[in-house]
Amino acid sequence: MIVFNIIKREWNILIHERTLVFIVLLCASVAYVFLIGNLYNGHTVQHIPVAVCDMEQSSLSRDLIHDVETADQYELVAVAGDETTVMDLMDNKKVEAILIIPQGFSKKLAQHEQIQLAFISDGSNTLHQGYASAPMQEVVGTFSAKQQMFSAAAGGAPQLPSVPVQMSLRIMGNPTQSYSFFYLYGVMITASQIGLMIAFALAVYCDFRKYFFYHHGIVRTLVAKEILYVGLSFIAVLLGISAIVSVFHMPFEGNIWAALFLCFSFSYAVANLAGIVALYFKTKLALVQCLVFYALPAFLMSGYIWPDIGMLAPVKLLSYMIPLHYICMDFRAVALTGTAPDLWFHCLVLHIMGTVGLLIMVFIMHWRKCRTELLSNFLSLEKRGY
Amino acid sequence: MWHEIMKEVILLWSVHKKAFWMIVFVPILYTLLFGSLFYEGSLTKVPIIIENYDDGAQGRRFEQAFYDTPEFIIVDSTAVSYGTIIIPSDFSKKLDRGDSVSIEVVIDNTNTVIGGSIMKSIQTIVATYNAGQEAMNRISVGWTPQVAQAEAAPVVLSSRSLYNSTGGYNDFFLVVLIVHALQIGTVFVIGPSMVLEKRRRRDKLLRHPWQCLAAKLVVYTAIETVTFVVCLSLAAIIFKLVLHGNAGGILSLTILFSATMTSFGLCAGSWLKDPVKAITYALFYIMPSVLFSGAIWPRTSMDSISLALTYIMPIGYAADNMRDLLVRGFAPNLLVDMVAMLMMGSIFFLAAGCGLKRTLGGNDRVQHYKAGMEHSHP
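Have a look at this one:
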């Protein structure tokens, strides 16, 4: 009954005194899903502006230009006869890539000589460049195979397999290289983390300063707070998943209960870690500043974007200390492939993190309580003249 | 004005010391953290599994090509891996006969950075192997080696990437993150400081609001500019970030961006009464801003709503230009974007002044009213 009353009190404070925090806690994940989901709605980089420098201007080169023009990913901005014009376009960022067809293109093909086409891309944006080069390789590969076939037919050459080793490619998880699939689940969880951390830390901070924990029992109050805040964060994640699946039509292949249990473990760990931070800071402002400064490095260093196999050892060690490390990749794997081999182990790690955090919080509060009592006893004794 | 600036500096050292250190240390810390994160630049030693069911020479040679690639580390089937290559039992037999053979490649692409890296490397290995094999096939049926090579791939694409040829993540991402770190440090510190300042120096701010704001703008912009220069220097020295652009352009952009973000922080702090709210509201801008800067996801692939959002975020005018200046050596849109940023900064600054007058003036009216009431009912 007391726990219920504390929850009720906490709810009233959240609704009436910390309305903005309540909005962040409940709506941040959904808001970010809509923002980022809409940003990556095209899934891959499309309409990449390209230019072709056609130094030959023959029917064969025009065939190749037509192939480039009809590729879905490209938007052919210009076809020029000289290299300076297309390089100027690239320098002025009007195009992201250039294909150069050299002089003697048709002649060399007819003479069975190999021809090199130059493909120059702007590498300053690695993401853009990655998306730009793959379709061009496909276009040129197809064109090359076509020419090979014509050449073999015309010359009466013996039929040989054009590609001796073929790849039967099976891409699991994200076959279309969609950026939304890659990003959205992690962003949603990170947004929910910020809301939960700020809300829970402020709740602990304020009541700790008002001695509320001492009057109503440390463990009891903490449990009540965690029920409310972890519960609300859980609802926020559920709303986020619903928005991702229903609005942005992203797959959720795995067991939803396993994913939700992972979320619960994560919220439990994050809430308790935020609680410890709340006990350390002397002002509310410094506390909130610390939590918002934590958000970006936590996301980037979790291994969600840049994987831990590409990290230096000390950075990897830091990454293992961040709760997001144990949820983001697993959550995405469960959603996209249906399985995450380390899911239960990571749940356990998060529970251990949370429980250790909770014990540290209880210990600090208890220690402060004893110190305060000791101090007040001492002062009362002093007053009495002992 | 000079007097006001000196006062602001003294105030910063005496009252807002923590704010000063936060503005300086947050971007530096982020630079060091993110620089170390992307230190390797590209992924190497990605664990993959090779299941070779062929016991012929061709199969062994093909398998060896994967062992020789630094991008991969071959692990056994029980270990964690991101891809599997299955070489069928008739691989050598079919190739020796001159037939086509298909290998199975399974890639875990849940993380597209890993998946993309694996795919690129496998395609390179297979293409190289194929070119050699095709040429050998043709020579074996009586073609001359030159024609055989040409016929194996009549048209080849020779790719060249300008400005960041290795595709390193530091040159691509680190600059953007440093710019982002600068705005995080600024917005989350100046906003709340301004709220607290309104409580401490109410009378002074009420008498000379524009002078006080201008002094703050000058002092904080100077600190942020110096901080950014330190961050860039650290990134260049420790993480080998390329610095191709001219110092004048980089410095102008930094000063303008810092001034705009300071004005944004002052604006938030002037209108709000609670320092925590100044942070919470700013969160709505800060969190998505780096993704909407146009420096990662290109503007050409955005819909109209997202595109509109990129144009109302100051970082949208700074991040891509800063990277262009550093990596390419010049930024074609620099001038236009700087004018846009100047306008945006001016609007924030005017809004900050109005907010200050309104919040402090509003309180003042209430005080006058209360005083009047006390006089009328002694």
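Protein sequence lines, in the order shown, are assigned to chains A and B. Adding 318 to a residue's 1-based position in the first sequence gives its number in the working numbering. Adding 5 to a residue's 1-based position in the second sequence gives its number in the working numbering. No residue lacks a Cβ here, since even glycine has one placed at the ideal position from N, Cα and C. In this text the structure is predicted, and so the values were computed from the model without any measurement.
Item: Pull up the distance between the alpha-carbon of ALA227/B and that of THR191/B, whole angstroms please.; Value: 12 angstroms
Item: Who does SER277/A pair with in a DSSP beta bridge?; Value: In the structure as shown, chain A begins at 319 and stops at 704. Residue 277/A is therefore absent and cannot be evaluated.
Item: Using a beta-carbon distance below 8 angstroms, is MET27/B in contact with chain A?; Value: yes
Item: When you compare only the Cα positions, how much space is there between ARG705/A and LEU605/A?; Value: Here chain A covers residues 319 to 704 and nothing more, so residue 705/A does not appear.
Item: Could you tell me whether the Cβ of HIS382/B comes closer than 8 angstroms to any Cβ of chain A?; Value: Low confidence applies to HIS382/B: its pLDDT is 48, below 50, so where it sits in the model is not reliable, and the reading given next is rough at best. Answer no: the Cβ-Cβ gap between HIS382/B and chain A never drops below 8 angstroms.
Item: If contact means a Cβ-Cβ distance below 9 angstroms, which residues of the region 285 to 309 of chain B contact chain A?; Value: THR285, TYR286, ALA287, LEU288, PHE289, ILE291, MET292, PRO293, VAL295, LEU296, PHE297, ALA300, ILE301, TRP302, PRO303, THR305, SER306, MET307, ASP308
Item: Nearest to VAL235/B by CA position, among LEU17/B, ILE33/B, HIS21/B, is which residue?; Value: ILE33/B
Item: Among SER439/A, VAL363/A, PHE423/A, SER486/A, which has the Cα closest to the Cα of VAL111/B?; Value: SER486/A
Item: Which residue marks the beginning of the beta strand (DSSP E) containing PRO659/A, and which one marks its end?; Value: Segment: none, PRO659/A is in no beta strand (DSSP E) and carries neither H nor E.
Item: List the residues of chain A that ASP113/B touches, going by C-beta distances under 8 angstroms, in chain order.; Value: MET490, GLY491, THR655
Item: How big is the Cα-Cα spacing for VAL363/A and THR117/B?; Value: 13 angstroms
Item: Mind listing, in chain order, the continuous alpha helix (DSSP H) runs of no fewer than 4 residues lying wholly within the region 159 to 219 of chain B?; Value: 180 to 205, 207 to 212
Item: Ignore the nearest five residues each way along the sequence and tell me which others in VAL457/A's own chain have a CB closer than 7 angstroms to its CB.; Value: ASP385, VAL386, ALA389
Item: Give the range of the beta strand (DSSP E) segment to which THR259/B is assigned.; Value: Not the beta strand (DSSP E): THR259/B falls in the alpha helix (DSSP H), residues 252 to 276.
Item: Report yes if the CB atom of PHE177/B is closer than 8 angstroms to the CB atom of ASN169/B, and no otherwise.; Value: yes
Item: Classify HIS382/B as buried or exposed, calling it buried when 16 or more other Cβ atoms lie within 10 Å of its own Cβ.; Value: Because the pLDDT of HIS382/B is 48, which lies under 50, any placement of that residue in the model is unreliable, and the number read from its coordinates should be weighed accordingly. Burial call: exposed.
Item: By the 8 angstroms beta-carbon criterion, what residues does the region 254 to 276 of chain B contribute toward chain A?; Value: none
Item: Report the three-state DSSP secondary structure of TYR503/A (helix, strand or coil).; Value: helix
Item: Name the residue from ASN114/B, LEU248/B, LEU100/B whose alpha carbon lies nearest to the alpha carbon of PHE67/B.; Value: LEU100/B
Item: Can you check DSSP and say which residues form a bridge with ASP440/A?; Value: LEU167/B
Item: Report yes if the CB atom of ILE627/A is closer than 8 angstroms to the CB atom of LEU48/B, and no otherwise.; Value: yes
Item: Compile a chain-ordered list of the residues in the region 539 to 563 of chain A whose CB is closer than 8 angstroms to at least one CB of chain B.; Value: none
Item: Going by the DSSP bridge assignment, what does PRO52/B pair with across the sheet?; Value: ILE78/B
Item: My assumption, with CB atoms under 8 angstroms, is that THR364/B sits in contact with SER275/B. Please give the rounded CB distance.; Value: 7 angstroms
Item: Let me confirm a value: ALA300/B is counted as buried when at least 16 other C-beta atoms fall within 10 Å, else exposed. Which label applies?; Value: buried
Item: Taking 8 angstroms as the cut-off, does the region 323 to 337 of chain B touch the region 246 to 257 of chain B (at least 3 CB pairs, one atom from each stretch)?; Value: yes
Item: ILE320/B and VAL341/B: beta carbons closer than 8 angstroms?; Value: no
Item: Using a Cβ cut-off of 8 angstroms, pull out every chain B residue sitting near TYR497/A, in sequence order please.; Value: THR117, TRP302
Item: Using only the alpha-carbon positions, how far apart do ARG102/B and SER439/A sit?; Value: 40 angstroms
Item: Within a Cβ cutoff of 7 angstroms, which residues of the same chain sit near GLY46/B, ignoring the five residues on either side of it in sequence?; Value: THR171, GLY173, TYR174, ASN175
Item: Using a Cβ-Cβ cutoff of less than 8 angstroms, which residues in the same chain neighbour ARG538/A once the five nearest sequence positions on both sides are dropped?; Value: ILE320, VAL321, ILE324
Item: Measure the C-alpha to C-alpha separation of LYS721/A and PRO615/A and round it to an integer number of angstroms.; Value: Within the shown structure, residues of chain A are numbered from 319 to 704, placing residue 721/A beyond reach of any answer.
Item: Measuring alpha carbon to alpha carbon, tell me which of LEU635/A, TRP575/A, TRP685/A ends up nearest VAL652/A.; Value: TRP575/A
Item: Could you give the distance in angstroms between the alpha-carbon of TRP215/B and the alpha-carbon of GLY358/B?; Value: 6 angstroms
Item: Ignore the nearest five residues each way along the sequence and tell me which others in GLY491/A's own chain have a CB closer than 6 angstroms to its CB.; Value: LEU654, THR655
Item: Taking ASP308/B as the reference, which of ASN330/A, GLY593/A, MET679/A, ASN356/A has the closest Cα?; Value: ASN356/A
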